[in-house]
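In what follows, a structure is listed as structure tokens, so that the remarks can point back to it.
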Amino acid sequence: SSTAEHIAVGVCFSLSTLIGLYFCILLVWIPVTGLAPVWLISQSSKVIRRIKGSYPGKRPFTYNEIVKHVYLGSLPHNREELAQLREATNTAAVVTMNEDWEMPGNGATITIDDIQAEKMASCWIP
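Each number in my numbering comes from the position in the sequence shown (counting from 1) with 101 added on.
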């Protein structure tokens, strides 16, 4: 019984350590360095958004004209908002600094494919 209890405590301690290390990597290492596979960066971003209570599509689509014919704002959530932007401002192109994995689509944000399907130019700036 004593040996089994020691093994159980050791397993629990090991699992707790691994889970703690995983969250340290997700919440500290990746945001600070950006060094990780894309799937792990995506997971890190999702965990941080959930902690902050934020997620793609939570805030409304808005934009402002910062200089003549140049608008700055959030990404449209869908093609309808993209069409509204085009009609209201005669927008011909979208420039984004988001990675593909930050643009989930599904009504939360548009994707580069959605932009191109609307016959608009798109540019990604890393």
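Just so it is clear, CB atoms sit at the ideal spot from N, CA and C, and this is done for glycine as well.
(request) For residue 204, collect the residues of the same chain with a Cβ closer than 6 Å to its Cβ; drop the 5 residues on either side in sequence, then sort them by chain order. (result) 210, 212
(request) Compute the Euclidean distance between the alpha carbons of residue 150 and residue 175, then round it to the nearest angstrom. (result) 16 Å
(message) The alpha helix (DSSP H) that contains residue 115, what's its start and end?
(response) 103-125
(message) Using 8 Å as the threshold, is the C-beta distance between residue 173 and residue 215 below it?
(response) no
(request) May I ask you to report which of helix, strand or coil DSSP gives residue 70? (result) There is no way to answer for residue 70, as the model of the chain reaches only from 102 to 227.
(request) Take residue 163 and list the residues in its own chain whose beta-carbon comes closer than 8 Å to its own, dropping the five residues that flank it on each side. (result) 174, 175
(message) Need the endpoints of the alpha helix (DSSP H) that residue 131 sits in, please.
(response) 131-134
(request) Write down the C-beta distance between residue 128 and residue 148 rounded to the nearest angstrom, noting that I regard them as a contact closer than 8 Å. (result) 7 Å
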